[in-house]
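Q:
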Amino acid sequence: MTTEKATFGAGCFWGVEETFRKLKGVTSTAVGYAGGTKENPTYENVCSDETGHAEVVQVEFDPLQISYDELLDVFWSNHNPTTLNRQGPDIGTQYSSVIFYHSPEQKAAAEKSKIDMSDRFNRPIVTQIEAARKFWRAEEYHQRYLEKRGQSHCAI
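Residues in the sequence shown are numbered consecutively from 2, following this note's numbering.
(1) Since I believe PHE76 is in contact with ALA11 (beta carbons under 8 Å), could you give me their beta-carbon distance rounded to a whole number of angstroms?
(2) Which residues in the same chain have their Cβ closer than 6 Å to the Cβ of THR20, if we skip the five residues on either side of it in sequence?
(3) Relative to the alpha-carbon of GLU40, which residue among PHE136, GLU140, THR83 has its alpha-carbon at the smallest distance?
(4) Buried or exposed: which applies to PHE122, given that a residue is buried once 16 or more other Cβ atoms fall within 10 Å of its Cβ?
(5) Drop a sphere of 10 angstroms on the beta-carbon of TYR142, count the other beta-carbons inside from all chains shown, and report buried for 16 or more, exposed for fewer.
(6) With a CB to CB cut of under 7 Å and the five nearest residues on each side skipped, what residues in its chain are close to ASN81?
(7) Write down every uninterrupted run of the alpha helix (DSSP H) in the segment 45-100 whose length is 4 residues or greater and which is fully enclosed by it, in chain order.
(8) Which whole-angstrom value describes the C-beta separation of THR8 and PHE62, a residue pair presumed to lie in contact below a C-beta threshold of 8 Å?
(9) Do GLY26 and ILE92 have their beta-carbon atoms positioned less than 7 Å apart in this structure?
(10) Let me know the secondary structure DSSP gives ARG138 once reduced to three states.
(11) Once the 5 residues before and after LEU73 are set aside, which same chain residues still bring their CB inside 6 Å of it?
(12) The beta strand (DSSP E) with GLN107 in it runs from where to where?
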């Protein structure tokens with residue numbers, strides 16, 4: 002089986018991971034940090050709002066079972082892409098809405114989906130679309146955080 006990677010930032014990574022992890026065709030997920038300036042950041046570094054990293058979920062998927070466009074649909078449907086560096090009560094650059102693309106095809110699909118989604122929201126979409134750079138895997142206690150606690154979503 003040939004898999005591909007997709008990386009999304011859509012707020013607190015615990016709930017985002019759980020959403021993607023349950024999809025048929027997703028073979029694995031990992032939460033971590035991307036887009037910032039500090040090498041090998043810790044959760045505390047990222048929460049300082051000084052590293053520029055976003056909390057992200059890296060999704061490995063089988064494109065024969067689920068398409069990148071379907072993953073984009075899940076991304077747009079499960080957070081508010083019109084709030085800059087904020088999701089619900091969570092505020093800071095680590096909660097930014099961002100798509101890190103891994104190929105020119107993913108970039109084109111992400112840009113098209115952002116345009117297509119613009120009519121769905123009553124405010125401008127602030128989601129950034131950037132080339133995937135280094136993904137820093139978060140500390141082990143963050144991996145599958147909600148599953149380990151028997152939860153399906155974050156309580157707000």
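Glycine included, every Cβ here is placed at the ideal spot set by N, Cα and C. Computed from a prediction, not measured in an experiment: that's the story for all the values here.
A: Put simply:
(1) About 6 Å separates the two Cβ atoms, so the contact holds.
(2) ASN79
(3) PHE136
(4) exposed
(5) Under a 10 Å Cβ-count criterion, TYR142 is classified as exposed, with fewer than 16 other Cβ atoms of the shown protein chains found around its own Cβ.
(6) GLN88
(7) You should have 69-78.
(8) That belief does not hold up - the Cβ atoms of THR8 and PHE62 are roughly 11 Å apart, past 8 Å.
(9) no
(10) strand
(11) SER114.
(12) Unbroken run through GLN107 is the alpha helix (DSSP H), 105-118; no beta strand (DSSP E).
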